[in-house]
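Novice: So for the sequence shown, the numbering used here puts the first residue at 131; every next one is plus one. A virtual CB, placed ideally from N, CA and C, is assigned to each residue, including glycine. Just so you know, these numbers come straight off a predicted model, no measurement behind them.
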Amino acid sequence: MFDYQLKKSKRRKTVAIKIYNQTVTVFAPHYVPIKQIDSWLLEKQHWIETQLKKQLNVIDTKQYPIEKNKIKIFSESVELIFREGPSSDVKEHNNALYVTHSSRVKNYKNKYESLIKRYLEEKLAAYVEMRIAFYCEKMDEVLPKKLTLAVYKRRWGSCNSKRELSFNLHLIGAPHRIIDYVIVHELAHLRYLNHSKQFWDRVEIFYPDYNVVVN
Ligand SMILES: [Zn+2]
131 MFDYQLKKSK RRKTVAIKIY NQTVTVFAPH YVPIKQIDSW LLEKQHWIET QLKKQLNVID
191 TKQYPIEKNK IKIFSESVEL IFREGPSSDV KEHNNALYVT HSSRVKNYKN KYESLIKRYL
251 EEKLAAYVEM RIAFYCEKMD EVLPKKLTLA VYKRRWGSCN SKRELSFNLH LIGAPHRIID
311 YVIVHELAHL RYLNHSKQFW DRVEIFYPDY NVVVN
């Protein structure tokens, strides 16, 4: 089985798992015996290992996870097809991304990278903007002031007191439900700029599975 960190607390009433940066942390009420936690984790082992693998795929890469001419978009593997054409562009069709460089381009590799990067950024931005609008309405929250997408090494998203939200570009490789979770998490910070009990309660209302996804 995997290693995990155990955090016991007197206030807590339920057991929860947090998986972040390849570390599994279990939060439990102080009275729950280790044996019980272990058997509970054993039941969830398959799920936890899947999560660890998924996170590894998404966050541990410095650039987009391009591998053997495949790329992950919303957790689907998409084939990359490079070709020359009259103008540079990117088109997605039947689980393949057609990356075309114009015949005038000298440095194909750089051009391909910048084309793919822009395509993925636009795609993630469109999804995140749509879901922010959706959740803002549900959460009765005014839209954030600013939205930034960038590559961050250690976080999926952030929120500050100026109501500016940022999201990690690597989220493009994650399943929609994880992106939604990160969105709800950051939107909940608009009201509570901390990880207090009220904050987590608010996350749980709008994303009930929060304790078994990422932080
Ligand atoms: Zn947070």
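For my contact list, Thr155 and Gln135 are in at a C-beta cut-off of 8 Å; report their separation, rounded to the angstrom.
Specialist: Confirmed, about 5 Å.
Novice: Have a look at Ala158 and Lys221 and give me their C-alpha separation to the nearest angstrom.
Specialist: Using only the alpha carbons, I get a separation of about 48 Å.
Novice: For Leu350 and Ile178, which I take to be in contact (beta-carbon distance under 8 Å), what is that distance rounded to the nearest angstrom?
Specialist: Here the chain covers residues 131 to 345 and nothing more, so residue 350 does not appear.
Novice: So, with DSSP's three-state summary, where would you put Ile189?
Specialist: Residue placement at Ile189 cannot be trusted, given a pLDDT of 42 that sits under 50; what the coordinates show is reported in the next sentence. Three-state DSSP puts Ile189 in a helix.
Novice: Distance, Cα to Cα, Ser205 vs Ala304?
Specialist: Distance between the alpha carbons of Ser205 and Ala304: 5 Å.
Novice: Just to confirm, is the Cβ distance from Gly287 to Val314 under 7 Å?
Specialist: The answer is no: Cβ separation not under 7 Å.
Novice: Using the beta-carbon count (16 or more within 10 Å), is His223 buried or exposed?
Specialist: Label assigned to His223: exposed.
Novice: Quick one, are the C-beta atoms of Tyr265 and Leu299 less than 7 Å apart?
Specialist: No, they are not a contact pair.
Novice: Rounded to the nearest angstrom, what separates His306 and Glu251 at their Cα positions?
Specialist: When rounded, the distance between both Cα atoms is 15 Å.
Novice: Taking only the alpha-carbon atoms, compute the straight-line gap between Leu295 and Glu271 and give it to the nearest angstrom.
Specialist: Using only the alpha carbons, I get a separation of about 13 Å.
Novice: Can you tell which of Thr144, Ser232, Ser233 has its C-alpha closest to the C-alpha of Tyr161?
Specialist: Of the listed residues, the one whose Cα sits closest to Tyr161 is Thr144.
Novice: My understanding is that Ile211 touches Val229, with C-beta atoms under 8 Å, so please give their C-beta distance in whole angstroms.
Specialist: So it is a contact: roughly 7 Å between Cβ atoms.
Novice: Please classify Thr180: does DSSP put it in a helix, a strand, or coil?
Specialist: Helix, per DSSP.
Novice: If you follow the beta strand (DSSP E) that Val162 is part of, which residue opens it and which one closes it?
Specialist: Careful: Val162 lies outside any beta strand (DSSP E) and carries neither H nor E.
Novice: Using C-beta distances below 8 Å, list every residue in its chain close to Pro338, excluding the 5 sequence neighbours before and after it, in chain order.
Specialist: Cβ neighbours of Pro338 beyond the five flanking positions: none.
Novice: DSSP three-state call for Ser217: helix, strand or coil?
Specialist: DSSP places Ser217 in coil when its eight states are reduced to three.
Novice: Under 6 Å Cβ to Cβ from Asn345, same chain only, skipping five residues before and after it: list those, please.
Specialist: Note that Asn345 scores a pLDDT of 39, beneath 50, so its modelled location is shaky; the value from the coordinates is reported in the next line. Only Lys148, Tyr150 meet the Cβ criterion.
Novice: Please state whether the Cβ-Cβ distance between His231 and Ser218 is less than 7 Å.
Specialist: Yes.
Novice: Over the uninterrupted beta strand (DSSP E) stretch that includes Ser96, give me the two end residues.
Specialist: Missing from the structure shown is residue 96; the chain here goes from 131 to 345 and no further.
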